[in-house]
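**Q** I have a structure I would like to understand better, so I am pasting it below and will then ask my questions one at a time.
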Amino acid sequence: MQISRFILFISLFILACSFSLMSKDVEIEKGNVIYFFESGKMQCSSEINSEGHTFVLYQSLSKNTRVEFNSIKRNPKKEFVLTALMLVEAETELCAGWVNMQEVNIGIDPKPVEKVTLSGKIVYKNDLITVMNAV
Numbered sequence: 014m015q016i017s018r019f020i021l022f023i024s025l026f027i028l029a030c031s032f033s034l035m036s037k038d039v040e041i042e043k044g045n046v047i048y049f050f051e052s053g054k055m056q057c058s059s060e061i062n063s064e065g066h067t068f069v070l071y072q073s074l075s076k077n078t079r080v081e082f083n084s085i086k087r088n089p090k091k092e093f094v095l096t097a098l099m100l101v102e103a104e105t106e107l108c109a110g111w112v113n114m115q116e117v118n119i120g121i122d123p124k125p126v127e128k129v130t131l132s133g134k135i136v137y138k139n140d141l142i143t144v145m146n147a148v
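When the letters of the sequence shown are read in order and numbered with our numbering, they come out as residues 14 to 148.
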């Protein structure tokens, strides 16, 4: 009995992961990334001012999606990488509801600007970068 439950659980887990991998997509342009996961959608915009300070704004673009800041790091090429947790929630006729989450790593390629246009709630700031969440 325990073995059959374990096999069923593993089978459902593999099926869920396979479905999740098929539904990912991303749109990238200078200073902007739009990331799709399941039925959710998020955006990460970035600008760099004349003093070399980078500004990043991330936000949910779907009412069923929540994005939570995790960290900002620099890779060996000295590029910033934003790590966030993307949670997608939905209710369907087949089941009461489901939640799916994924850790997202987004390389920051900021758009050079004279005046920064991004604004939001600051979640992280240092001498080189400011990360904000749209509210």
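Glycine is no exception: its CB is placed at the ideal position from the N, C-alpha and C atoms.
Which word fits V94, buried or exposed, when buried means at least 16 other C-beta atoms lie within 10 angstroms of its C-beta?
**A** Classification for V94: exposed.
**Q** Where E106 and S52 are concerned, what is the direct C-alpha to C-alpha distance, given to the nearest angstrom?
**A** Answer to the nearest angstrom: the Cα atoms are 15 angstroms apart.
**Q** Let's see if you can read the secondary structure: which residues bound the beta strand (DSSP E) around E40?
**A** Where E40 is concerned, the enclosing beta strand (DSSP E) stretches over D38 to E42.
**Q** Jot down the residue ranges of each uninterrupted beta strand (DSSP E) in the stretch 109-146, minimum 3 residues, whole runs only, in chain order.
**A** For the stretch 109-146, whole beta strand (DSSP E) runs of length 3 or above, ordered along the chain, are 111-120, 134-138 and 142-146.
**Q** Are the beta-carbon atoms belonging to P125 and T67 less than 8 angstroms from one another?
**A** No, the Cβ-Cβ distance between P125 and T67 is not below 8 angstroms.
**Q** Kindly examine the ligand SAM and report whether one of its heavy atoms sits closer than 7 angstroms to the Cβ of V129.
**A** What this structure holds is no ligand at all, so the ligand SAM is not there to describe.
**Q** What separation, rounded to the nearest whole angstrom, lies between the Cα atoms of N62 and N88?
**A** Roughly 21 angstroms between the two C-alpha positions.
**Q** What does the alpha-carbon distance come out to for the pair V39 and E92?
**A** In a straight line, the C-alpha of V39 is about 19 angstroms away from that of E92.
**Q** Cα-Cα, which of T130, V148, E60 and Y48 is closest to V101?
**A** Closest option to V101, Cα to Cα, is Y48.
**Q** Using the C-alpha atoms, what's the distance from G110 back to I121?
**A** Distance between the alpha carbons of I121 and G110 is about 33 angstroms.
**Q** Candidates I142, E81, S59 and D140: which alpha carbon is nearest Q115's?
**A** The candidate whose alpha carbon is nearest that of Q115 is E81.
**Q** CB-CB under 6 angstroms to V136, same chain, minus the five flanking residues each way: which ones, in chain order?
**A** Within the same chain, V136 has close Cβ partners F82, V144 and N146.
**Q** Considering only the alpha carbon of each residue, which of L141, K43, F50 and L74 lies closest to S9?
**A** This structure does not reach residue 9, given that the chain is present from 14 up to 148, and the question cannot be answered.
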